[in-house]
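My numbering numbers the first residue of the sequence shown as -7 and each following residue consecutively.
All C-beta atoms in this analysis are idealised placements derived from N, C-alpha and C, irrespective of residue type, glycine included.
All of these numbers come straight from a predicted model, not from anything done at the bench.
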Amino acid sequence: MKKLHLIGNAHIDPVWLWQWPEGYQEVRATFQSAIDRMEEYPDFVFTCDSVQFFEWVEESDAALFAQIRSRVAEGRFQIVGGWWVEPDCNLPSGESFVRQALYGQRYLREKFGLIATTGANIDSFGHTASIPQILRGSGIDSYVFLRPGPEEITLESPLFWWESPDGSSVLAYRIPNEYLAPKDDLSEHLEQAIALLPEDHEEYAVFYGVGNHGGGPTKANLDQIARLNDDGAEPQLELSSLRRFFDGLAAGNGSYPTLRGELQHHSPGCYTTHSGIKRWNRRAENLLLRAEKWSAIADSLGARDYPLDELTRAWK
């Protein structure tokens, strides 16, 4: 029987139609909701893809952070991505991508004793060709994304080896339909996702959970999944994780096509608007690199200590 790995998540834009303090509070509320669902549903697994969210909870709610650490150790609070935040994947410099991985994976190792092994930039509007190389260099062997969608780029298969110019590759998966779902009835979401998937593989993954402004899987979602399985629904629905999904693919020894180059384009107009923000971002990147170099020189000459903490905060 075919299997759908259901990935419980809550896509959170820390800033979008609201400012970051609201996103800050939404992260805490969403994580608390995920912990509550774990108490009520012993098979429920929750997935998060932005490391900064954990630091926010650590500094604002020590008790909740301790619960999260316990659930991470159990494997029920899954951490993917491994990057500090989910970024735009076209505009930043190469060094910025590397720092995403450096600060993200370092934090995960220090706080949870692990690193993420699946990359995730679900809502990024395009993906530059160097990403597989950066992922492999930071201990990541797989990647999930949504955009560009089927109407924007035709893929031979939603599962494929994505290869950088240097030959580094990761097993990539374009999730079907959406990364979020209604809070009450999942039927249409699952039907649309299944309709987008080819017939030639036994296992696929589908994301579900209220998102954008946080939320995550609801009691109604989880109750409905249980009912569908009790009714003998096909494909089989499994509350799962991306690691379990990719490990299952590896065990199946499937053959997948190789794609070389970028994954483009979604909403290209976004790259021609608000030029000031883009210019300030590049200026900040250049100034940070310059500050690091001159600070290293000053430290080596004994003029002043290297400001590691300040520069780390600036990069984050």
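Let me know the secondary structure DSSP gives residue i once reduced to three states.
{"i": "residue 184", "result": "helix"}
{"i": "residue 72", "result": "coil"}
{"i": "residue 117", "result": "coil"}
{"i": "residue 60", "result": "helix"}
{"i": "residue 263", "result": "helix"}
{"i": "residue 163", "result": "strand"}
{"i": "residue 195", "result": "strand"}
{"i": "residue 309", "result": "No answer is possible for residue 309: the residues shown for the chain start at -7 and end at 308."}
{"i": "residue 145", "result": "coil"}
{"i": "residue 10", "result": "coil"}
{"i": "residue 105", "result": "coil"}
{"i": "residue 310", "result": "The structure shown does not extend to residue 310, since the chain spans only -7 to 308, so no value can be given for it."}
{"i": "residue 16", "result": "helix"}
{"i": "residue 171", "result": "coil"}
{"i": "residue 90", "result": "helix"}
{"i": "residue 292", "result": "helix"}
{"i": "residue 284", "result": "helix"}
{"i": "residue 33", "result": "coil"}
{"i": "residue 311", "result": "Residue numbering for the chain in the displayed model covers -7 to 308; residue 311 lies beyond these limits and cannot be assessed."}
{"i": "residue 82", "result": "coil"}
{"i": "residue 189", "result": "coil"}
Going by DSSP, what residue range makes up the alpha helix (DSSP H) through residue i?
{"i": "residue 313", "result": "The question about residue 313 has no answer here: the residues shown for the chain are numbered -7 through 308."}
{"i": "residue 303", "result": "300 to 307"}
{"i": "residue 239", "result": "234 to 244"}
{"i": "residue 124", "result": "123 to 129"}
{"i": "residue 52", "result": "43 to 52"}
Report the partner residues of residue i according to the DSSP bridge assignment.
{"i": "residue 228", "result": "-5"}
{"i": "residue 252", "result": "155"}
{"i": "residue 321", "result": "Residue 321 lies beyond the range of the chain shown here (-7 to 308); nothing can be said about it."}
Going by CA-CA distance only, name the one from the options that's closest to residue i.
{"i": "residue 239", "options": "229, 15, 133, 77", "result": "133"}
{"i": "residue 257", "options": "45, 139, 152", "result": "139"}
{"i": "residue 255", "options": "60, 75, 82, 103", "result": "82"}
{"i": "residue 73", "options": "20, 8, 164", "result": "164"}
{"i": "residue 106", "options": "71, 114, 303, 78", "result": "71"}
{"i": "residue 284", "options": "147, 244, 297", "result": "297"}
{"i": "residue 154", "options": "282, 128, 143", "result": "128"}
{"i": "residue 207", "options": "51, 293, 160, 26", "result": "26"}
{"i": "residue 148", "options": "252, 222, 210, 75", "result": "252"}
{"i": "residue 111", "options": "268, 3, 235", "result": "235"}
{"i": "residue 66", "options": "289, 259, 233, 268", "result": "233"}
{"i": "residue 104", "options": "3, 62, 114", "result": "62"}
{"i": "residue 309", "options": "226, 47, 162, 205", "result": "Only positions -7 to 308 of the chain appear in the structure, and residue 309 is not among them; the question remains open."}
{"i": "residue 176", "options": "159, 202, 151", "result": "202"}
{"i": "residue 42", "options": "76, 264, 189, 93", "result": "76"}
{"i": "residue 79", "options": "304, 270, 152, 109", "result": "270"}
{"i": "residue 100", "options": "64, 124, 116", "result": "64"}
Apart from the five residues just before and just after residue i, which ones in its own chain have a Cβ nearer than 6 angstroms to its Cβ?
{"i": "residue 184", "result": "169"}
{"i": "residue 173", "result": "181, 200"}
{"i": "residue 6", "result": "12, 15"}
{"i": "residue 131", "result": "107"}
{"i": "residue 237", "result": "-3, 197"}
{"i": "residue 142", "result": "none"}
Which stretch, first to last residue, makes up the beta strand (DSSP E) that contains residue i?
{"i": "residue 137", "result": "134 to 137"}
{"i": "residue 110", "result": "110 to 112"}
{"i": "residue 38", "result": "38 to 40"}
If I measure Cβ to Cβ from residue i and keep anything under 8 angstroms in the same chain, skipping five residues before and after, which residues do I get?
{"i": "residue 68", "result": "30, 36, 37, 38"}
{"i": "residue 243", "result": "none"}
{"i": "residue 248", "result": "149, 151, 152, 153, 163"}
{"i": "residue 303", "result": "280, 283, 284, 287"}
Excluding the 5 residues preceding and the 5 following residue i in the sequence, name in chain order all residues of the same chain whose CB lies nearer than 7 angstroms to its CB.
{"i": "residue 49", "result": "19, 20, 23, 56, 57, 60"}
{"i": "residue 229", "result": "-4, -2, 217, 220, 221"}
{"i": "residue 33", "result": "214"}
{"i": "residue 288", "result": "298"}
{"i": "residue -7", "result": "226, 227, 228"}
Report yes if the C-beta of residue i is less than 8 angstroms from at least one heavy atom of the ligand FAD; otherwise report no.
{"i": "residue 153", "result": "In the structure on display, the ligand FAD does not appear, and there are no ligands present to speak of."}
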